Amino acid sequence: MKITKLLGVAATAALATGALVTGTPAAATSNTLLNAEMVPALQRDLGLTADQALARIQSETAAGTLEQALASALAGSFGGASYNEATGKLRVGVTDAAKLGQVLASGAEAELVRFSAAQLDSTVDRLNASERAADGAITGWGVDTKTNRVTVNVLPGKSGVVDSYLEKAKVDKTAVSVVETTSVPTLKYDVRGGDAYYINSSSRCSIGFSVNGGFLTAGHCGPGTVTGSNRVAMGSFARVSFPTNDYGHVRVNSNWTPRGIINNGTRVSGSTVAATGASVCKSGSTTGWTCGTVGAKNQTVRYAEGTVYGMTATNVRSQAGDSGGSFIAGNQAQGMLSGGNSSVTYFFPVRPALSATGTSLVLG
């Protein structure tokens, strides 16, 4: 079936029938175009068929529309809502028993709860206002609509610090549930071709291409520990081959995600070798995006630091700091910038580097 089909369904109809994971999705009635990559991702990650994924999206969209309507209609008695994937319906909390019927009449499920959505949001606001007083073992907090509480996350064995924080923030402790967690939130960063990285917090080079678990770059940039362009710890060189070759393989930590793109948005789709005379572009952290043509191949280059074999010459402009940067022809990875002079820039081909390191390109 075509993934880029149009989606849409009336809110109450979808919620009343609860059709979300079985059968054929209802006929499209809106002009919202589904992202072509969404359905395959839902199939993979939620274990759905394509039809089930489409039906679920329709049902969830209808639930979101109904939630907005009920939040307005119930006003101060609205206790929040959540999507019940088992039934395909919106589950709505209300603080006033007299309004349960109103929720049920809309096609949603109803539950009598203690705290309104406004009360829970106010509790979060109080915690936010006192955030600087929170112990470091507290990793975060927020509204949990399913439990009708504000959940405060804290490291194992440290629940005691939450009570003192709640007192400082002057919140109703009955509106709070404490959850111990071993997970500490960290920022996530993308690994992209052409971006800068630093070796041993001193010299700078450029990322070549993302591979599984890390990236390829120039071997002469290593060895050592690596930080990103933002100076956040990134990983370390797993392998360096220089001279003779000029490739390096950096393994990154869990804060970094290798992406199959160059930092100007160009996707990496493969590694088909471009012909001599074909256009080629490079991305480096000093000179950015520059282009030229592929010159002679299988070039031996004698640097003062050692000789490198099997390189490709280009007339692409580059400067110091571009080392390791991405050479790409169309969407096909070609190699990592090695060096050159005022008229010639050489790159070490990506294919032998992939083979030698036992890695594969992350494709965009």
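In my numbering, the protein residues as written are 2 to 365.
Backbone N, C-alpha and C define an ideal beta-carbon position, used for all residues, glycine too.
What you are looking at is a predicted structure, and each value in this text was computed from that prediction instead of being measured.
Could you give the C-beta distance for Gly-322 and Arg-193, rounded to a whole number, given that I count them as a contact under 8 Å? Not confirmed; about 16 Å, so no contact.
Beta strand (DSSP E) runs wholly inside the stretch 53-136, at least 3 long, in chain order: 79-85, 90-95 and 110-113
Please state the DSSP three-state secondary structure of Pro-26. Bear in mind that a pLDDT of 35 at Pro-26, under 50, signals an unreliable position, so the number given afterwards is only what the model happens to contain. Reduced to three states, the DSSP call for Pro-26 is coil.
How close, in whole Å, do the beta carbons of Val-295 and Ala-279 come, if the pair is a contact with beta carbons under 8 Å? 5 Å
Expressed to the nearest angstrom, what Euclidean distance is found between the alpha-carbon atoms of Glu-168 and Glu-110? 35 Å
Close Cβ partners of Thr-25 (< 7 Å) along its chain, the five nearest in sequence each way excluded: Reliability fails at Thr-25, whose pLDDT of 31 lies under 50, so the model's placement of it is uncertain and no value is given.
What is the DSSP secondary structure of Thr-33, reduced to helix, strand or coil? Residue placement at Thr-33 is poorly supported in this model, since its pLDDT is 47, which falls under 50; the coordinates still yield a value, given next. Strand, per DSSP.
Return the first residue and the last residue of the beta strand (DSSP E) that Glu-181 is part of. 177-181
Taking the alpha-carbon of Thr-346 as reference, which of Ala-354, Met-337 and Thr-175 has the nearest alpha-carbon? Met-337
Since Gly-209 and Ser-242 should fall inside the 8 Å C-beta cutoff, what is the C-beta to C-beta distance between them, to a whole number of angstroms? About 13 Å separates the two Cβ atoms, so there is no contact after all.
Along the chain, where does the alpha helix (DSSP H) containing Arg-193 start, and where does it finish? From DSSP, Arg-193 is part of no alpha helix (DSSP H) but of the beta strand (DSSP E) over 190-194.
Burial state of Ser-184 (16 or more Cβ within 10 Å): exposed
Expressed to the nearest angstrom, what Euclidean distance is found between the alpha-carbon atoms of Asp-173 and Phe-79? 19 Å
With DSSP run on the structure shown, which of helix, strand or coil describes Thr-148? coil
Every unbroken alpha helix (DSSP H) within the stretch 289-335, with a cutoff of 4 residues, ordered by chain: none
Let me make sure I understand the geometry here. Which of Ala-42, Ser-339, Gly-249 and Asn-149 has the alpha-carbon closest to that of Val-114? Asn-149
In the DSSP assignment, what are the bridge partners of Leu-167? Answer by DSSP bridge pairing: none, since Leu-167 is not bridged.
Opening and closing residue of the alpha helix (DSSP H) in which Arg-352 lies: 351-358
From Lys-298, Gly-214, Leu-121 and Tyr-84, pick the residue whose C-alpha is nearest to that of Thr-96; which is it? Leu-121
On the three-state DSSP scale, how would you describe Leu-43? helix
From Val-22 to Met-39, what distance separates their C-alpha atoms? Legend: pLDDT at Val-22 = 27, less than 50; position of this residue unreliable, value from coordinates given subsequently. The alpha-carbon atoms of Val-22 and Met-39 are separated by roughly 16 Å.
Rounding to the nearest angstrom, what Cα-Cα distance links Ala-275 and Thr-152 in this structure? 55 Å
Could you round the C-beta distance between Thr-182 and Asn-154 to whole angstroms and report it? I think they count as a contact, below 8 Å. 5 Å
For the stretch 219-236 against the stretch 159-168, do three or more pairs of beta-carbon atoms, one drawn from each stretch, fall closer than 8 Å, so that the two count as touching? no
CB-CB under 8 Å to Asn-316, same chain, minus the five flanking residues each way: which ones, in chain order? Gly-293, Thr-294, Gly-296, Ser-344, Val-345 and Thr-346
Reduced DSSP category for Val-162 - H, G, I as helix; E, B as strand; rest coil: helix
Cα-Cα, which of Gly-271, Thr-288, Phe-348 and Gly-285 is closest to Ser-361? Gly-271
Length of the line joining the Cα atoms of Ser-356 and Arg-260: 19 Å
Going by C-alpha distance, which of Ala-42, Lys-171 and Ala-98 is nearest Ala-134? Lys-171
DSSP three-state label for Gly-365, please. coil
Start and end of the beta strand (DSSP E) containing Arg-205? 204-207
Gly-307 versus Gly-223 - alpha carbon distance: 15 Å
Residues bridged to Cys-282 [DSSP beta-bridge criterion]: Cys-292 and Ile-329
Less than 7 Å between the C-beta atoms of Gly-285 and Ser-255, yes or no? no
Which partner residues of Arg-268 appear in the DSSP bridge assignment? Ile-262
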